[in-house]
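Residue numbers (my numbering): 10 to 430. Just so you know, even glycine gets a beta-carbon here, dropped at the ideal spot from N, CA and C. Because the structure is a prediction, the values reported are computed rather than measured. Working notes for the structure below.
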Ligand code: EPU
């Protein structure tokens, strides 16, 4: 079994470069199937979710090529097929094939998507959006297979009960080729949604308002080939900023974007953690004494849930009590018992609330990555802990943190993959 071994306490300096955003790339790749012709996506992160998407795309007789971080997708000979259960289960983003295939063929057969076990993760908002556009849905309770079909999709106004990232993108996909105008109200405003709408517009779609809570989509008959670059991953960047605040010596986070990370930067300011931003990115050094704070995860532009777990590690090093609340997912505290075992003083009030009292020394230990960002948090903990930390179940980490070992090694961390039973 492949594991990650970290010997903690090393100072980190030099440059670490941020890859393309996972949560944008995993939607841009399925979006390419809407175009009649070869598309090119640059800055695609080297993560295992990418490879899982390639499998699904190839299964649909679509050509996929990769050269470094450039992915070329040509759907000229595409066929609509059932996406098998094992592939749907490999990642959350398999649900994007529903919107895309529905727009293109008016017929989709899929299984319930997989992804991190961070909550119940229903897709009711996606499905009711498709229904509002005119689709009918048959759901087999036994194996969670869905058949979604429509004679035609007709634009309408859809008011999302919650500003869901996935539902906003998926409904946007389905509406690109619907008759007339679709308005998504209470749409998610995450920067990744702008990246995806830009791509669709380059293909000939007519989408306005992405990045605001009202997105207006005028359906078009055809979409053509286009090229796009994935925006930098604000969660990967944020994770390395937190690492820099704990261990940096003029550590430069290249391609850090201040405008998509305002919530993080304002919390760092409140804590008294200093950083410097220039045209290349963000530079940060270890701050010895910083204040505790209160954090509540929220939809964008609030503090991102995906940075919440790594942030809990920083809070173990603040001088005093921090209150942390997770509001998006019901099951994002699975890393906490491991942090406590390592020496952190964290009260798990319930599955959404923590009281973290710092500053505590962390000791290395054997820990388990239970989900992607929880795994990211354990890497941060291992880097600051005294002694050796061994992380197992690292496939969760590799789903979303690009080349994490080589990137951290390059800036001075003692971290490696090991084989161990
Ligand atoms: N929700 C529903 N019904 C739905 C859809 C969502 O009740 O039909 C609820 C969810 O259960 C959750 C909340 O709405 O409580 C937020 O879900 P959202 O749909 O916004 O999340 P998602 O699209 O499934 C994406 C990212 C997540 C990230 C969230 C929130 C992808 C592939 N995943 O998930 O990323 O946490 O948005 O920003 O884009 C990660 O990268 O570690 C990760 C989990």
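CB contact flag (residue i, residue j, <7 Å)
i           : j           : result
residue 432 : residue 117 : A question about residue 432 goes unanswered here, because the residues of the chain that appear run from 10 up to 430.
residue 318 : residue 386 : yes
residue 309 : residue 37  : no
residue 139 : residue 163 : no
residue 373 : residue 327 : no
residue 247 : residue 229 : no
residue 19  : residue 112 : no
residue 321 : residue 337 : no
residue 57  : residue 408 : yes
residue 265 : residue 304 : no
residue 191 : residue 184 : yes
residue 238 : residue 51  : yes
residue 65  : residue 73  : no
residue 270 : residue 240 : no
residue 263 : residue 411 : no
residue 234 : residue 211 : no
residue 384 : residue 406 : yes
residue 302 : residue 279 : yes
residue 27  : residue 245 : yes
residue 254 : residue 296 : yes
residue 63  : residue 94  : no
residue 40  : residue 232 : no
residue 347 : residue 389 : no
residue 259 : residue 294 : yes
residue 132 : residue 105 : no
residue 427 : residue 417 : no
residue 174 : residue 102 : no
residue 122 : residue 84  : no
residue 167 : residue 141 : yes
residue 193 : residue 224 : yes
residue 396 : residue 15  : no
residue 91  : residue 61  : no
residue 261 : residue 286 : no
residue 335 : residue 361 : yes
Residues bridged to residue i [DSSP beta-bridge criterion]
i           : result
residue 362 : 334 and 359
residue 149 : 154
residue 80  : 50 and 75
residue 241 : 29
residue 285 : 292
residue 312 : 306
residue 168 : 194
residue 260 : 23 and 293
residue 116 : 158
residue 59  : According to DSSP, which records beta bridges pairwise, residue 59 is partnered with nothing at all.
residue 375 : 399
residue 16  : 397 and 423
residue 188 : 163
residue 178 : DSSP, once it has assigned bridges, lists no residue as partnering residue 178.
residue 329 : 367
residue 354 : 366
residue 221 : 219
residue 11  : 428
Whole-number beta carbon distance between residue j and residue i, since they are thought to touch under 8 Å
i           : j           : result
residue 54  : residue 31  : 6 Å
residue 148 : residue 176 : Incorrect: roughly 17 Å between the Cβ atoms, too far for contact.
residue 159 : residue 144 : 4 Å
residue 380 : residue 126 : 6 Å
residue 394 : residue 357 : Actually they are not in contact, since the Cβ atoms of residue 394 and residue 357 sit about 20 Å apart, beyond 8 Å.
residue 447 : residue 178 : Look at the range of the chain in this structure, 10 to 430, and you will see that residue 447 is not part of it.
residue 353 : residue 312 : In fact, because the Cβ distance is near 20 Å, the residues do not count as touching under 8 Å.
residue 128 : residue 398 : Not quite, the Cβ-Cβ distance comes to about 26 Å (not below 8 Å), so this is no contact.
residue 283 : residue 329 : Not really, about 19 Å apart at Cβ, beyond 8 Å.
residue 400 : residue 378 : 6 Å
residue 21  : residue 324 : In fact, because the Cβ distance is near 19 Å, the residues do not count as touching under 8 Å.
residue 87  : residue 430 : Not a contact, Cβ separation roughly 43 Å.
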